Amino acid sequence: MKSMLRPILLHPNPKLKKICEPVLEIDDSLIKLSDDMLETMYHAPGIGLAASQVGILTRIIVMDCEKEEAAKGKPIVMINPEIVASSDEENIYEEGCLSIPEHFAEIKRPTSVQVRWLDQNGNEQEQEFDGLWSTCVQHEIDHLNGKLFIDYLGTIKKQLITRKMQKFKREMERKET
Ligand code: NI
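Each residue of the sequence shown is one higher than the one before, counting from -18 in the numbering used here.
Written as structure tokens, this is what we have:
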């Protein structure tokens, strides 16, 4: 089946605050969803996307942090991802989010993480991630727990971004009607 773009929910949206349910069975609709998520992520363009961002409250994330133009890209689909170990060392990256377009902030997270997940064939995978991949996988797993990168900011900064996003959404709705 051909994959399609799915609309990305924008903050603030109650679905982005929900804890997502674990996947119990990998069926055709779940494979389709993960393919659609990859297409939606590449199209945005972005380097990571969680199912909750397309309104599906289930534990699936997709990522591709291969930055080099020459590289072919390295799409990863993670079902029920879990961080099993984190480094004590921390790193600061400027993060953004497809649900909070045009807002960025420096966020401190463990430099490397060990992640366990199921792939699209239901096989268990485990791998250590560092650099941008580490930041991205932590950011996406946060989404599955209803957490956004702005939740790491102080109240005032967070409220400011939320208010700007509310205004942005109102303007978008006005254009659509
Ligand atoms: Ni995000």
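Glycine included, C-beta positions come from ideal geometry on N, C-alpha and C.
Since we're looking at a predicted model, the values are computed, not measured.
Which listed residue (Gly103, Leu(-10), Lys145, Ala86) has its alpha carbon closest to that of Ala32: Leu(-10)
With a cut-off of 8 Å on the beta carbons, I'd call Val43 and Leu79 a contact; round off their distance for me. Wrong, their Cβ atoms sit about 11 Å apart, outside the cutoff.
So Pro(-7) packs on Met153, CB below 8 Å; how close in whole Å? Incorrect: roughly 13 Å between the Cβ atoms, too far for contact.
Can you tell me the Cβ-Cβ gap for Val65 and Ser15, rounded? I've got them flagged as a contact below 8 Å. That belief does not hold up - the Cβ atoms of Val65 and Ser15 are roughly 22 Å apart, past 8 Å.
Please name the residue in Cys46, Phe149, Leu11, Thr39 whose C-alpha comes closest to that of Gly103. Leu11
According to the Cβ coordinates, are Asn72 and Thr92 closer than 9 Å? yes
For the alpha helix (DSSP H) containing Pro99, list its first residue and its last residue. Sequence inspection shows Leu at residue 99; the Pro mentioned does not correspond to that position. Leu99 -> not in any alpha helix (DSSP H); beta strand (DSSP E) instead, spanning 93 to 99.
Does His124 pass the burial test, meaning 16 or more other C-beta atoms within 10 Å, or should it be called exposed? buried
Just curious, the beta strand (DSSP E) that Ile73 is in, first and last residue? 71 to 76
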